[in-house]
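Participant: Protein chains in written order, with the numbering used here: chain A, 5 to 347; chain B, 62 to 318.
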Amino acid sequence: MQNKLSLYIVISLLLLIGLAIVSLYMGVYEFESSFSEIISSFFVQDSDVSQTDQYVFLDIRLSRIVMAILIGSALAVSGTCLQGMFKNPLATPDLIGITAGASLFAAIAIVLGAYIKPYIPEAMHFSLLSIAAFVGSFITMSLVYRISTSNGKTNVVMMLLSGVAVTALGFAVMGLLIYISKEEQLRDLTFWNLGSLGGASWTKNGILLAVILLSYYFLIGKGKTLNAMMLGERDAMHLGIPVERTKKQIVLFTALLVGTSVAFAGTIGFVGLIIPYILRLIFKSNYYIILPLSAVLGSVLLLGADTISRTVVAPSEIPIGILTAFMGAPIFIAILLKQKRSL
Amino acid sequence: MLKGQNISYAHQGFKILSEIDFSAQKGKMIAIVGPNGAGKSTLLSVLSNELEKFDNILFKEKTFKEWHKGELSQHKAKFSQQYNSDIPLLVADVTLMGRYPYFENKPSEDDLKAVEKAMKETDVFHLKDRDYNTLSGGEKQRVHLARVLAQLDNDIQNKLIFLDEPLNNLDIYHQYKILENIKKFTQKGNTAILVLHDLNLTARFSDEVFLMKGGKVVANDAPLNIFTKEIITEVYNFPCTIFENPVDKKPMIFFGT
């Protein structure tokens, strides 16, 4: 099975590329020129491709597709890593409250941003939102892990309930913020709650890519480590696995991934639940295979969902969070039924 | 080879081990025995560096802190009494974890051979493509024993294996098979430290016994010198009679009056 990993990766990458090409064609605007003409027009001077074609292709469709790929991957990988650390398939950023923590801090940053800005260095103004979201997810994650885990064993009920508690707090603060916020801020806040890739831009994609590359450098090779941690933390230690260091890295980098995703696209739920669940059906819990594969298939899922969300009721959009919840909620129930005895 | 002096350990104000001196020579099969709550498993935990804070234990003349973690896992391994019974993987993949200290991404030919050999030694090779979660308790235990044996399958001299009650759940055939394999392992110059409950098996297989009670080592010697009517009756608080085993002349303990 270990040898076939690269084959699976290649197949899912091909699937992703195919989907991306299809997605480029989908939309209300019909291109006047063909794709090859548009692409070459960026490199050749004086071509006869219209500026609208160029703009829609690069700044609207492609930037959104790239953002879907990046965020889908980030959410699926953070879900898989968290499940490895908590040793439970229900540990995903949204169910244990990390997404709520991130959007809570992001919301605070939106509404109170104007008051905070004079006190922080100028260079940080632009990324205030993502930093706030990261801080929020990091605090929540540390808190939830502290509450629900003792001696390396996770109490699943405590884990889910602390998620519920953080999410409830998030709702309360969000309600308060909506009450006191001005109209412009209100629009931003609604966007967090529903989740959307509509705000895609190349600057955001650049930041996302940097965050993802850094996090994956530490996380993506953790397959063997997460497998060994299924033995129990002491037994993993006897295999030379640096358990404590691994857990710290997972907390830090999944907080970074989730925080950045939430800052740019709001709360898109269930991606970190759906992908590992499907992969587990095929490959069992072999993290050596499902961790790298979830990085690609998370992109496939979110890109597919986003393409549907912006084409079904065009020119309007269905919020993407609704689509992922439709897929994710039945899986949540399926996992609960399966774990009925152990919960 | 392994030396610990004046080991004391308390947990939540409760004294579990007090002032234990322990040393293990190479090539020896050493059994730790004693009644429930004597501190046997805790002593094994401490000796195998699970608590990571004892500087008074020397393994091959070095404290565990001085060892490189990855290297250490090729010199010593431990079989734990409480293993996870829910690991959604194939039996072969669970056993392969024993080779994790040896490969980065892809197991080598040698790794796969070591896994196969270990699985045959504990009699689980025919289960290799089964779901680990569908096995019985005794079978799961043998899978973990295979994993631990595979971990120490290398050319390093004088390795050390810790086994915490490796015979629980096993039938007679497998109890003997496991002990014979461990005996063979020690005859190559390696050391095994086991927590055992069956005193007759201890007498037959071990070279040296640590008899514990109430967090202290009551006696440490060859089984022949320790397994006397007086010592065993007192430590276990239960009457017994000692015979000579007709097969190998080792002591044989009959409990009851």
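Quick reminder that beta carbons are idealized off the backbone N, C-alpha and C, glycines included. None of these values were measured; they are calculated from a predicted model.
Suppose the cutoff is 7 Å on Cβ atoms and the five residues either side in sequence are ignored; what does the same chain contact list for B:T263 look like?
Facilitator: The residue labelled residue 263 of chain B in the question sits at position 202 within the second sequence. Result list for B:T263: A92, V94, L257, V270, P284, in chain order.
Participant: For B:E165, collect the residues of the same chain with a Cβ closer than 7 Å to its Cβ; drop the 5 residues on either side in sequence, then sort them by chain order.
Facilitator: Against the second sequence, residue 165 of chain B aligns to sequence position 104. Once the five neighbours on either side are set aside, B:E165 has no close Cβ partner at all.
Participant: Would you decide whether A:R65 is buried or exposed? Buried here means 16 or more other CB atoms lie within 10 Å of its CB.
Facilitator: Position 61 of the first sequence, counted from the start, is the residue given in the question as residue 65 of chain A. By the 10 Å Cβ count, A:R65 comes out buried.
Participant: Please report the straight-line C-alpha distance between B:K178 and B:L210, rounded to a whole angstrom.
Facilitator: Taking the second sequence and counting its residues from 1, one reaches residue 178 of chain B at position 117. Taking the second sequence and counting its residues from 1, one reaches residue 210 of chain B at position 149. Going from the Cα of B:K178 to the Cα of B:L210 covers about 9 Å.
Participant: Applying the 10 Å Cβ sphere with the 16-neighbour rule, what's the burial state of A:Y149?
Facilitator: Translated into the one-based positions of the first sequence, residue 149 of chain A becomes position 145. Buried, since its Cβ has 16 or more Cβ neighbours within 10 Å.
Participant: Who are the Cβ neighbours of B:E77 in its own chain at under 8 Å, not counting the five residues just before and after it?
Facilitator: Counting from one through the second sequence, the residue named residue 77 of chain B turns up at place 16. Looking at the sequence provided, one finds Ile at residue 77 of chain B rather than Glu. So the list reads Y70, A71, G100, T103, G276, once near-sequence residues are dropped.
Participant: In this structure, does DSSP put B:Y70 in helix, strand or coil?
Facilitator: Position 9 of the second sequence, counted from the first residue, corresponds to residue 70 of chain B. The three-state reading of DSSP puts B:Y70 in strand, counting E and B together.
Participant: Quick check: A:S205 and A:L193, are their CB atoms within less than 9 Å of each other?
Facilitator: Here the question's residue 205 of chain A lines up with position 201 in the first sequence. Here the question's residue 193 of chain A lines up with position 189 in the first sequence. No, they are not a contact pair.
Participant: Three or more beta-carbon pairs under 8 Å between the stretch 119-126 of chain B and the stretch 175-193 of chain B, yes or no?
Facilitator: no
Participant: Relative to the alpha-carbon of A:F330, which residue among A:I286, A:A118, A:T264, A:L277 has its alpha-carbon at the smallest distance?
Facilitator: For this step, residue 330 of chain A is matched to residue 326 along the first sequence. Of the candidates A:I286, A:A118, A:T264, A:L277, the one whose C-alpha sits nearest the C-alpha of A:F330 is A:L277.
Participant: What separation, rounded to the nearest whole angstrom, lies between the Cα atoms of B:E113 and B:V107?
Facilitator: Reading the second sequence from its first residue, position 52 is the one you call residue 113 of chain B. Reading the second sequence from its first residue, position 46 is the one you call residue 107 of chain B. Computed Cα separation, rounded: 8 Å.
Participant: Which residue from B:V279, B:N117, B:S267, B:D259 puts its Cα closest to that of B:F315?
Facilitator: Translated into positions along the second sequence, residue 315 of chain B becomes position 254. Nearest in C-alpha terms to B:F315, of all of B:V279, B:N117, B:S267, B:D259, is B:D259.
Participant: Our contact map puts B:G199 next to B:P162 with C-beta atoms below 8 Å; I'd like the distance itself, whole angstroms only.
Facilitator: Residue mapping note: residue 199 of chain B aligns to position 138 of the second sequence, counting from 1. Residue mapping note: residue 162 of chain B aligns to position 101 of the second sequence, counting from 1. About 27 Å separates the beta carbons of B:G199 and B:P162, which is beyond the 8 Å limit, so they are not a contact pair.
Participant: Below 8 Å on the Cβ atoms is my contact criterion, and I expect B:T120 with B:K137 to pass it. Report the Cβ-Cβ distance as a whole number of Å.
Facilitator: Within the second sequence, residue 120 of chain B is the residue found at index 59, counting from 1. Within the second sequence, residue 137 of chain B is the residue found at index 76, counting from 1. Per the sequence presented here, residue 120 of chain B reads as Phe, with Thr not at that position. Contact flag correct, Cβ pair sits at about 7 Å.
Participant: If you check the beta carbons only, do A:Y281 and A:I339 fall under 9 Å apart?
Facilitator: For this step, residue 281 of chain A is matched to residue 277 along the first sequence. For this step, residue 339 of chain A is matched to residue 335 along the first sequence. Going by C-beta atoms, A:Y281 is nearer than 9 Å to A:I339.
Participant: Report yes if the CB atom of A:G243 is closer than 9 Å to the CB atom of A:L235, and no otherwise.
Facilitator: Start at 1 with the first residue of the first sequence, and residue 243 of chain A comes out as number 239. Start at 1 with the first residue of the first sequence, and residue 235 of chain A comes out as number 231. The sequence given here has Leu at residue 243 of chain A, not Gly. Yes, they are a contact pair.
Participant: Which term fits A:T103, buried or exposed, when burial requires 16 or more other beta carbons within 10 angstroms of its beta carbon?
Facilitator: As a first step, residue 103 of chain A is located in the first sequence; it is residue number 99 there, counting from the start. Buried, since its Cβ has 16 or more Cβ neighbours within 10 Å.
Participant: What does a CB cutoff of less than 7 Å around A:I322 pick up in its chain, not counting 5 residues either side in sequence?
Facilitator: To locate residue 322 of chain A, count along the first sequence from 1; it is residue 318. Taken in chain order, the residues that qualify are S313, V316.
Participant: Residue range of the beta strand (DSSP E) that A:I272 falls in?
Facilitator: The count along the first sequence starts at 1 and reaches residue 272 of chain A at position 268. Unbroken run through A:I272: none, as it is neither H nor E.
Participant: Pairing CB atoms from the stretch 136-144 of chain A with CB atoms from the stretch 97-111 of chain A, are three or more of them under 8 Å?
Facilitator: yes
Participant: In whole angstroms, give me the CA-to-CA distance for B:L221 and B:E111.
Facilitator: The residue you call residue 221 of chain B lines up with position 160 of the second sequence. The residue you call residue 111 of chain B lines up with position 50 of the second sequence. Taking the straight line from one Cα to the other gives about 15 Å.
Participant: What residues in the stretch 237-264 of chain A have a beta carbon less than 9 Å from any beta carbon of chain B?
Facilitator: R238, D239, A240, M241, H242, L243, G244, I245, P246
Participant: What does B:S134 touch in chain A if you count any residue whose Cβ is under 7 Å from its own?
Facilitator: Here residue 134 of chain B is taken as the residue at index 73 of the second sequence, counted from 1. The answer, in chain order, is H242, L243, G244.
Participant: Taking buried to mean at least 16 other C-beta atoms within 10 Å of its own C-beta, is A:T56 buried or exposed?
Facilitator: The residue given as residue 56 of chain A occupies position 52 in the first sequence. It counts as exposed.
Participant: Pick from B:P307, B:M313, B:V279, B:D282: whose alpha carbon is nearest that of B:K290?
Facilitator: Reading the second sequence from its first residue, position 229 is the one you call residue 290 of chain B. Per the Cα distances, B:M313.
Participant: From B:D171 to A:N290, what does the alpha carbon distance come to, in whole angstroms?
Facilitator: Walking along the second sequence from the start, residue 171 of chain B turns up at place 110. Walking along the first sequence from the start, residue 290 of chain A turns up at place 286. The alpha-carbon atoms of B:D171 and A:N290 are separated by roughly 21 Å.
Participant: The alpha helix (DSSP H) that contains B:D172, what's its start and end?
Facilitator: Within the second sequence, numbered from 1, the residue matching residue 172 of chain B stands at position 111. That run of the alpha helix (DSSP H) goes 170-182.
Participant: Any beta carbon from chain A within less than 9 Å of B:A179's own beta carbon?
Facilitator: Within the second sequence, the letter at position 118 stands for residue 179 of chain B. Chain A, which has no Cβ nearer than 9 Å to the Cβ of B:A179, makes this no.
Participant: Residues of chain B with CB closer than 8 Å to the CB of A:S289, please, in chain order.
Facilitator: Translated into positions along the first sequence, residue 289 of chain A becomes position 285. Per Cβ cutoff of 8 Å: I148, P149, L150.
Participant: Is there at least one non-hydrogen atom of the ligand GDP closer than 8 Å to the beta-carbon of A:G105?
Facilitator: Questions concerning the ligand GDP fall outside what the structure shown contains, since it holds no ligand whatsoever.
Participant: Check the Cβ of B:A138 against every Cβ in chain A and list those closer than 7 Å, keeping chain order.
Facilitator: Locating residue 138 of chain B in the second sequence gives position 77, where the first residue counts as 1. Residues of chain A passing the Cβ test: H242.
Participant: In chain A, which residues lie less than 7 Å from B:M158 when you measure between Cβ atoms?
Facilitator: Taking the first residue of the second sequence as 1, we reach residue 158 of chain B at position 97. Near B:M158 (Cβ distances below 7 Å), the residues of chain A are N231, A232, L235, L243.
Participant: How close, in whole Å, do the beta carbons of B:A207 and B:E241 come, if the pair is a contact with beta carbons under 8 Å?
Facilitator: Within the second sequence, numbered from 1, the residue matching residue 207 of chain B stands at position 146. Within the second sequence, numbered from 1, the residue matching residue 241 of chain B stands at position 180. Rounded, the Cβ-Cβ distance is 15 Å, inconsistent with contact.
Participant: Per DSSP, which one or two residues make a beta bridge with B:G65?
Facilitator: Counting from one through the second sequence, the residue named residue 65 of chain B turns up at place 4. DSSP lists B:F83, B:I118 as partners of B:G65.
Participant: Take the Cβ of B:E305 as the centre, count every other Cβ of all protein chains shown within 10 Å, and call the residue buried at 16 or more, exposed below.
Facilitator: Residue mapping note: residue 305 of chain B aligns to position 244 of the second sequence, counting from 1. When all chains shown are included, B:E305 counts as exposed.
Participant: Along the chain, which unbroken stretches of the alpha helix (DSSP H) at least 4 residues long are found entirely within the stretch 66-147 of chain A?
Facilitator: As far as the stretch 66-147 of chain A is concerned, its whole alpha helix (DSSP H) runs of at least 4 residues are 67-90, 102-120.
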